[in-house]
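Participant:
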Amino acid sequence: MSLREAKLSRQAKGGFHVIELKNVSYGYGDTDLLSDVSLEIQPGSFHFLTGPSGSGKTTFLKLCYLDLLATSGQITVFGKHVSQMMRDDIAFTRRRIGVVHQDCQFLDHLPLAQNVTLPLEVADRADEDENLDELLAWVGLADRKSALPPQLSGGERQRAALARAIIMSPDFIIADEPTGNVDWEMSQRLLSLLIELNKMGKTILIATHDLNLIRAAKQQVAARVLRLRDKQLQLAGADL
Amino acid sequence: MDFKRWNLQAVLETTGDKVVPPSGYTARLTLFTSAAMAFLAVFALALSLATGRLADRWSSELSRTATVRISAPAGQLAAQTAAVLAVLKTTPGVKNARVLDEADERALLEPWFGKNLPLDTLPIPKLIEILQNEDGIDADGLRLRLQGEAPGAIFDDHTRWRQPLVTAASRLRTLGLVAIVLIIVTTGAMITLAANSALAANSKVIRVLRLVGARDVFVARAFVRQFTLRAFVGALVGALLGGLSNAALPSAADTSGFLSGMGLQGTDWLWLMLIPFLAALVAFAATRAAAFRTLKEMT
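So the sequences go chain by chain: A and B. If you read the first sequence in the working numbering, its first letter stands for residue 1, the second for the next number, and so on. If you read the second sequence in the working numbering, its first letter stands for residue 241, the second for the next number, and so on.
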């Protein structure tokens, strides 16, 4: 771990929110996709983000994992202002955020095992993959480690993406429609894995339009539900 | 020996960085460009080294020799020749002075007038070849003394036509060096284009790497390794082919005249070994610059 990485880690352990958004807006040109959004996510919490298609859920998540920069307002991740981060700081911060992308985002020429251990490799920690077999067994992919991503089914890809998201033991896990391409049984299995991670102390933020999934989760974990509507973020009530 | 294992592409794929797909036309373009440029660089190097050698040789050989030409009526020719030889004997800087005999004169004129030239019927001046020692001759002093002792004698220290030859050879050497610089710059430009193309073609790979926390230096390194290795292998092949072609050039012993020995000679061959490393260095710098420029443009 580099000095800068260690500094970021120390800042995060000093009682900061995992992520804090203050009056954040984001848009292209004159069109705002998100307007004046504020939110604090506490360590160890479980959040769902819901809203109709095109409401800006993915944009919101991209702001959270620093794939996009806010056009106005302030975002603080692990106690550090995003606007003050250098390029390397952004890379180090991303290592502490595990992301399950909607389209999974794999390197198609590498087998599953190497895709899953990619975060370790980019962090020069490739020798710390001793738990890979256990991790793949946990997500039910122990016998698929040599398969190339295009050979995997939708559910397998989602579980592989989850394995890659957590291999660095990140503090914050973000999942964008993780159950979008899988059947109900598989979505329940993925949800169980995420709930298990939350019970281990990980902070979870899931974007989904699947209200049944949210209802199922709320029976097992104290989850807050955020709703994006009219470019604004609202706390959803008992209608769920 | 299992020759199937000696597959160049396989070598590149196993030694290159695996996060970037190794195949594609950029790989072939880099290999071909490096090989072609290294091949050309061998000849530019040979030209530069050989003309440098030639300039030195002409300069030193011609500056050590001089000629006295005696044009006088037939009755005075022998007396003036003897007078010139007497002057030369007492001139500091003269190591040896020799009157060219008929055979020498015939050999000199033969390339221009052919064989069986009737020398005895032609008013051919007498020529005295002078070899100078390291101190050299005071040309102006000698001319004044010859004017007094042998009015028909003209001293020629070859400066008039030696200088343009040496200048021409020096310019050829400079041209060779300019060609090498152009080859290096062109190689860099071609590899930059190939690297830019590879970076664009692998934008998804770069995006995934960045999303899982890769620093710019990691992403750049993945491309730099591949292009540096390809440039090295390509240049190695090109330099070997260039070296073989150079070795096939006619040697100095087979030819005569001013342009003999234009290929690589002796220790010149050691320079050949530098070409693959130079190509790798150029590829390293070009790809690194291209990669960081591209990454910086990505938010």
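Where is the CB? At the ideal position from N, CA and C, for every residue including glycine. These figures come from a predicted structure and were not determined experimentally.
Alpha carbon to alpha carbon, how far is HIS398 of chain B from GLN372 of chain B? Give it in angstroms, no decimals.
Facilitator: Each residue's alpha carbon lies about 12 Å from the other.
Participant: Ordered along the chain, which non-local residues of its own chain (more than five positions away) have a Cβ less than 6 Å from that of GLN74 of chain A?
Facilitator: Once the five neighbours on either side are set aside, the close Cβ partners of GLN74 of chain A are LYS22.
Participant: Is it buried or exposed for HIS81 of chain A, if we count other Cβ within 10 angstroms and need 16 for buried?
Facilitator: Exposed, by the Cβ-count rule.
Participant: Are the Cβ atoms of ILE166 of chain A and LEU205 of chain A separated by less than 8 Å?
Facilitator: Cβ distance not < 8 Å, so ILE166 of chain A and LEU205 of chain A don't count as in contact.
Participant: What residues in the stretch 421-443 of chain B have a beta carbon less than 9 Å from any beta carbon of chain A?
Facilitator: Of all residues in the stretch 421-443 of chain B, none has a Cβ within less than 9 Å of some Cβ in chain A.
Participant: Counting only the same chain and skipping the five closest in sequence on each side, list residues whose C-beta sits under 6 Å from that of ARG385 of chain B.
Facilitator: If we look at ARG385 of chain B and ignore the five residues flanking it on each side, its Cβ neighbours are VAL327.
Participant: Using CA atoms only, rank isn't needed, just tell me which of B:PHE279, B:PHE467 and B:ALA284 is closest to SER437 of chain B.
Facilitator: Closest by alpha carbon: B:PHE467.
Participant: Strictly below 9 Å CB to CB, what residues from chain A border LEU451 of chain B?
Facilitator: The answer, in chain order, is TYR65, ASP67, ARG94, VAL99, HIS101 and GLN105.
Participant: Output the distance between the C-alpha atoms of ALA123 of chain A and THR407 of chain B, rounded to the nearest integer angstrom.
Facilitator: Using only the alpha carbons, I get a separation of about 59 Å.
Participant: Please say whether GLN320 of chain B and ALA393 of chain B have beta carbons closer to each other than 8 Å?
Facilitator: Cβ distance < 8 Å, so ALA393 of chain B and GLN320 of chain B count as in contact.
Participant: Quick one: any contact between the stretch 362-372 of chain B and the stretch 293-310 of chain B, if contact means 3 or more CB pairs under 8 Å?
Facilitator: Short answer: they touch.
Participant: Grab the span of the beta strand (DSSP E) containing ASP129 of chain A for me, first residue to last.
Facilitator: From DSSP, ASP129 of chain A is part of no beta strand (DSSP E); its letter is neither H nor E.
Participant: Note down the Cα distance separating ILE515 of chain B from GLY506 of chain B, rounded to an integer number of angstroms.
Facilitator: The straight-line gap from Cα to Cα measures roughly 17 Å.
Participant: Taking the beta carbon of LYS202 of chain A as the centre, do at least 16 other beta carbons fall within 10 Å, making it buried, or is it exposed?
Facilitator: So LYS202 of chain A counts as buried.
Participant: Under 7 Å Cβ to Cβ from LYS231 of chain A, same chain only, skipping five residues before and after it: list those, please.
Facilitator: Taken in chain order, the residues that qualify are ASP32, LEU33, LEU34, SER35 and GLY56.
Participant: Show which residues of chain A have a CB atom less than 7 Å away from the CB atom of PRO261 of chain B.
Facilitator: What PRO261 of chain B touches in chain A: HIS109.
Participant: In chain order, what residues of the same chain have a beta carbon less than 6 Å from the beta carbon of MET168 of chain A, not counting five sequence neighbours either side?
Facilitator: ARG95 and PRO119, listed in sequence order.
Participant: Just checking my contact of PHE172 of chain A with VAL24 of chain A at CB under 8 Å: how many whole Å lie between their CB atoms?
Facilitator: About 17 Å separates the two Cβ atoms, so there is no contact after all.
Participant: Please compile the residues from chain B whose C-beta is within a distance smaller than 7 Å of the C-beta of LEU87 of chain A.
Facilitator: Checking the sequence, you will find Arg at residue 87 of chain A rather than Leu. Here the neighbours are ASP456.
Participant: Using CA atoms only, rank isn't needed, just tell me which of A:ILE41, A:PHE16 and A:ASP30 is closest to VAL225 of chain A.
Facilitator: Minimum Cα distance to VAL225 of chain A is reached at A:ILE41.
Participant: Hey, quick one: how far does the beta strand (DSSP E) through SER25 of chain A stretch, first residue to last?
Facilitator: That run of the beta strand (DSSP E) goes 19-28.
Participant: Taking the CB atoms as reference points, tell me whether VAL116 of chain A and ILE174 of chain A lie closer together than 8 Å.
Facilitator: Against a cut-off of 8 Å, the Cβ pair of ILE174 of chain A and VAL116 of chain A comes out as no contact.
Participant: Can you list, in chain order, the residues of its chain with a C-beta nearer than 7 Å to that of GLU435 of chain B? Leave out the 5 residues immediately preceding and following it.
Facilitator: Here residue 435 of chain B is Ala; the residue named in the question, Glu, does not match the sequence. Here the set comprises PHE463, PHE467, ALA526, THR527, ALA530 and ALA531.
Participant: Could you check the C-alpha separation between GLY482 of chain B and ALA278 of chain B for me, to the nearest Å?
Facilitator: Computed Cα separation, rounded: 7 Å.
Participant: Can a CB atom of chain B be found closer than 8 Å to the CB of PRO43 of chain A?
Facilitator: No - not a single Cβ of chain B is within 8 Å of the one on PRO43 of chain A.
Participant: For a contact defined as C-beta to C-beta under 8 Å, what are the partners of PRO119 of chain A on chain B?
Facilitator: Those are VAL452 and GLY453, listed as they occur along chain B.
Participant: With a cut-off of 8 Å on the beta carbons, I'd call ALA519 of chain B and THR427 of chain B a contact; round off their distance for me.
Facilitator: Correct: roughly 6 Å between the Cβ atoms.
Participant: Which residues mark the beginning and the end of the alpha helix (DSSP H) in which ALA408 of chain B is found?
Facilitator: Segment 399-441, the alpha helix (DSSP H) holding ALA408 of chain B.
Participant: At a CB distance below 9 Å, what residues from the stretch 122-141 of chain A approach chain B? Give them in sequence order.
Facilitator: Answer in chain order: VAL122, ALA123 and ASP124.
Participant: Would ALA207 of chain A pass as an interface residue toward chain B - the criterion being a Cβ-Cβ separation below 8 Å?
Facilitator: No, ALA207 of chain A lies away from the interface with chain B (no Cβ there is under 8 Å from its Cβ).
Participant: Could you pull out every residue in the same chain whose Cβ sits closer than 7 Å to the Cβ of THR59 of chain A, ignoring the five residues on either side in sequence?
Facilitator: Excluding sequence neighbours, THR59 of chain A sits near TYR26, LEU33, LEU34 and LEU68.
Participant: Quick check: is the beta carbon of ALA91 of chain A nearer than 8 Å to any beta carbon in chain B?
Facilitator: So, interface residue.
Participant: Identify the residues that DSSP records as bridge partners of THR31 of chain A: which are they?
Facilitator: Answer is A:TYR28, bridged to THR31 of chain A.
Participant: Could you check how far apart the C-beta atoms of LEU50 of chain A and ILE214 of chain A are, in whole angstroms? I think they sit under 8 Å.
Facilitator: According to the sequence provided, residue 50 of chain A is Thr. The question's Leu does not apply to it. Between ILE214 of chain A and THR50 of chain A the Cβ distance is about 7 Å, and since that is below 8 Å, they are a contact.
Participant: Can you give me the Cβ contacts of SER288 of chain B inside the same chain, cut-off strictly under 6 Å, excluding the 5 residues immediately before and after it?
Facilitator: Counting only Cβ-Cβ distances below 6 Å, and skipping sequence neighbours, we find ARG413, GLY416 and LEU417.
Participant: Please specify which runs of the alpha helix (DSSP H), each continuous and at least 4 residues long, are wholly inside the stretch 146-190 of chain A, giving them in chain order.
Facilitator: Within the stretch 146-190 of chain A, the complete alpha helix (DSSP H) runs of at least 4 residues are 154-166.
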